[in-house]
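Note sheet for the following structure.
Residue numbers (the UniProt record's numbering): 1 to 204.
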């Protein structure tokens, strides 16, 4: 079977301008250095300052999520599988009561997109939604800081795209879609925060 590659000229203008790579929290420091120095078309670029800032933001969001699960009524959202996952049992109550309290009144879809940006896995089991992440475990708050969200790092140039195989292109497209979803979730959360601030000022 002949190995096929995707030509840069065959790609849309959007893809030419939007080939993104993302930090992977599962990579070690050595893996990061090898990725930057290697000849692979997919590169990882991050500085210590960027990494620390990203960790702090991740911890803040995930600490709120963790705290919410600790305080939430089990009839609405609860830890499951011995703390290795959690489930949203009553979606309507969760969206109307707990999301406004902990996440500035974002919608459930935005909540799911945020979790996806942190690489949580979602499964619908019956009428409940289950979420899990190998580092998000009850009783292990110290692990929250190692969970990093997907983020855009840099664009790939034409030569790098020409060297990509079809499987690499498909993988990159998946990352692009995930990145767009993450941006949408952040936009929704920002809008909710602005609405909340406006409402508070009007009440003064």
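Note that the Cβ used here is the ideal one computed from N, Cα and C, for glycine as well.
Inset, instruction - Alpha carbon to alpha carbon, how far is residue 102 from residue 116? Give it in angstroms, no decimals. - result: 18 angstroms
Legend entry - Euclidean distance between Cα positions of residue 180 and residue 132: 22 angstroms
Legend entry - Rounded Cβ spacing between residue 135 and residue 87 (contact assumed at less than 8 angstroms): That belief does not hold up - the Cβ atoms of residue 135 and residue 87 are roughly 18 angstroms apart, past 8 angstroms.
Inset, instruction - Give, in chain order, every unbroken run of the beta strand (DSSP E) that is at least 3 residues long and sits entirely within the segment 99-174. - result: 121-125, 128-132
Inset, instruction - Please work out which residues of its chain come closer than 7 angstroms, Cβ to Cβ, to residue 83, disregarding the five sequence neighbours upstream and downstream, and give them in chain order. - result: 137, 138, 139
Inset, instruction - Would you mind sorting residue 212 into buried or exposed? The rule is 16 or more other CB atoms within 10 Å of its CB. - result: The structure shown has nothing for residue 212, since the chain only spans 1 to 204.
Legend entry - Cα-Cα separation between residue 106 and residue 188, rounded to whole angstroms: 6 angstroms
Inset, instruction - Quick one: give me the first and last residue of the beta strand (DSSP E) that residue 88 is part of. - result: 85-88
Inset, instruction - Tell me whether the beta-carbon of residue 210 lies closer than 9 angstroms to the beta-carbon of residue 69. - result: The chain is shown only over 1 to 204; residue 210 falls outside these bounds and no answer can be derived.
Inset, instruction - Measure the C-alpha to C-alpha separation of residue 199 and residue 175 and round it to an integer number of angstroms. - result: 36 angstroms
Inset, instruction - Check residue 198 in the structure and name its three-state DSSP category. - result: helix
Inset, instruction - For residue 76, name the three-state secondary structure that DSSP assigns. - result: coil
Inset, instruction - Within its chain, find whatever has a CB closer than 6 angstroms to the CB of residue 185; leave out the 5 residues flanking it on each side and keep chain order. - result: 110, 113, 114
Legend entry - Rounded separation between residue 173 and residue 164 - CA only: 12 angstroms
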